[in-house]
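Have a look at the structure below, then the notes.
Numbering (full-length UniProt numbering), first residue to last: 1 to 330.
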């Protein structure tokens with residue numbers, strides 16, 4: 001009887017995964033401390049968490065018991081032993097062939113993943129059933145490869161997150177687990193109490209054709225994991241800045257360029273009593289007008305700052321999540 005029950009559960013999950021491939025998944029995204037968070041459920045029975053949505057990394061991970069070093073999170077830490085669908089990833093798996101993964105004496109596929117702000121997560125790779133979507137239309141996807149992180153440090157706690165979902169161009173990222181590689185989102189204001197919408201799969205094909213113009217993504221052969229934009233110039237109050245378009249170009253060695261990243265964090269609020277200038281970013285075949293909270297931060301009374309900063313000598317520009325507010329990213 002127990003074997004029949006397990007088979008029924010697995011059959012249901014497989015059906016939902018196949019349905020997700022053809023019908024797509026819609027889920028809600030929330031603003032949280034400068035990052036954007038999405039709801040996920042892990043395991044069977046499912047336990048619900050919020051995770052950072054990050055187009056600048058590929059690994060899906062969640063904090064796991066038992067912890068060597070874990071940050072505070074608003075929900076209980078995921079316990080693999082309480083799930084009937086959890087399985088460790090063997091070293092022979094193709095998903096264990098990464099620069100940040102390695103095998104140990106017990107044949108565990110371990111990982112050590114770092115981020116640009118010096119945050120890091122460590123643990124072992126596994127597979128598990130993940131549930132996405134809204135409460136009215138949840139979709140469970142079996143055998144999602146993820147990192148069971150039990151030695152973690154950094155800034156994750158300040159965002160109210162329990163983990164992270166990678167959307168970069170990799171077989172490990174969430175869109176590729178749905179066998180489509182397609183996703184789209186439109187981020188609302190960080191001051192808004194409304195939700196942003198994240199679409200995955202065939203739902204992306206149902207989006208209306210843009211009327212105002214589109215900005216194509218470009219690839220970097222040396223860094224195929226990331227999504228890039230081809231920025232050619234910047235205007236401020238109608239006047240072009242004296243910056244060569246080569247300053248934003250991808251160099252032959254793969255350095256430079258402008259990466260679009262939903263996981264780059266800025267804490268921006270707008271002082272509504274001041275008329276602040278706008279900027280125009282000139283991309284290939286299209287101009288993008290930025291203003292308000294896309295450009296400015298009001299950190300203290302009487303202080304208004306441009307919400308841009310240099311990247312320490314790396315030559316890489318990043319189009320962060322605040323600049324993406326109220327834009328459809330596909």
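Using N, Cα and C, we set each Cβ at its ideal position, and we do this for glycine too.
Just so it is clear, the structure is predicted and the values come from calculations on it, not from any experiment.
**Request:** Kindly confirm or deny that the region 38-51 and the region 83-92 touch, where touching means at least three C-beta pairs closer than 8 Å.
**Result:** At 8 Å Cβ cutoff, the stretches touch.
**Asked** For residue 149, which of helix, strand or coil comes out of DSSP?
**Response** Correct three-state label for residue 149: strand.
**Request:** Note down the Cα distance separating residue 332 from residue 135, rounded to an integer number of angstroms.
**Result:** The structure shown does not extend to residue 332, since the chain is modelled only from 1 through 330, so no value can be given for it.
**Message:** Contact criterion: CB-CB distance below 9 Å. Does residue 175 meet it with respect to chain D?
**Reply:** As a matter of chain content, chain D is missing from the structure shown, which is built from one protein chain.
**Prompt:** From which residue to which residue does the beta strand (DSSP E) around residue 28 run?
**Reply:** According to the DSSP assignment, residue 28 belongs to the beta strand (DSSP E) that extends over 25-32.
**Classification of residue 243 by the beta-carbon crowding that lies within 10 angstroms, buried from 16 upward** = exposed
**Request:** Give the DSSP bridge partners of residue 110, in chain order.
**Result:** 102, 124
**Prompt:** By a C-beta neighbour count over all protein chains shown, 10 Å radius and 16 as the cutoff for buried, is residue 203 buried or exposed?
**Reply:** buried
**Asked** The alpha helix (DSSP H) with residue 176 in it runs from where to where?
**Response** 174-177
**Request:** Pull up the CB-CB distance for residue 123 and residue 64, whole angstroms please, since I reckon it's below 8 Å.
**Result:** 6 Å
**DSSP bridge partner residues for residue 217 (one or two, in chain order)** = Beta-bridge analysis with DSSP links residue 217 to 229.
**Asked** Among the residues of its own chain, which have a CB less than 6 Å from the CB of residue 324, if the five just before and after it don't count?
**Response** These residues qualify, in order along the chain: 187.
**Item:** Contact check, residue 51 vs residue 149, beta carbons under 9 Å
**Value:** no
**Nearest-angstrom beta carbon gap, residue 167 and residue 183 [assumed within contact, 8 Å]** = 6 Å
**Message:** Within 8 Å, do at least three Cβ pairs link the region 64-80 to the region 224-237?
**Reply:** no
**Asked** Cβ of residue 25 within 9 Å of Cβ of residue 201?
**Response** Contact check for residue 25 against residue 201 passes: the beta carbons are separated by less than 9 Å.
**Asked** For the candidate residues 115, 246, 251, 140, whose alpha-carbon lies nearest to that of residue 54?
**Response** 115
**Request:** Would you tell me roughly how many angstroms separate the C-alpha atoms of residue 131 and residue 287, rounded to the nearest one?
**Result:** 38 Å
**Whole-angstrom distance between residue 87 and residue 97, CA atom to CA atom** = 18 Å
**Prompt:** Excluding sequence positions up to five away, which residues of its chain have a Cβ less than 7 Å from the Cβ of residue 220?
**Reply:** 226, 228, 250, 254, 257
**Prompt:** Assuming residue 216 and residue 284 make a contact with CB atoms under 8 Å, what is their CB distance in whole Å?
**Reply:** 7 Å
**Prompt:** In whole angstroms, what is the alpha-carbon distance linking residue 214 and residue 282?
**Reply:** 12 Å
**Item:** Rounded separation between residue 290 and residue 189 - CA only
**Value:** 13 Å
**Item:** Nearest-angstrom Cα separation, counted from residue 317 out to residue 280
**Value:** 16 Å
**Alpha-carbon spacing of residue 207 relative to residue 195, whole angstroms** = Looking at the two C-alpha atoms, the distance is approximately 18 Å.
**Prompt:** Is it right to say residue 118 is buried, meaning 16 or more other beta carbons lie within 10 angstroms of its own, or is it exposed?
**Reply:** Taking every protein chain shown into account, the CB of residue 118 has fewer than 16 other CB atoms within 10 angstroms, so this residue is exposed.
**Asked** What residue does the beta strand (DSSP E) around residue 241 start on, and which one ends it?
**Response** Here residue 241 belongs to no beta strand (DSSP E), and DSSP marks it neither H nor E.
**Per-residue burial, residue 48 [other beta carbons within 10 Å of its own, 16 or more giving buried]** = exposed
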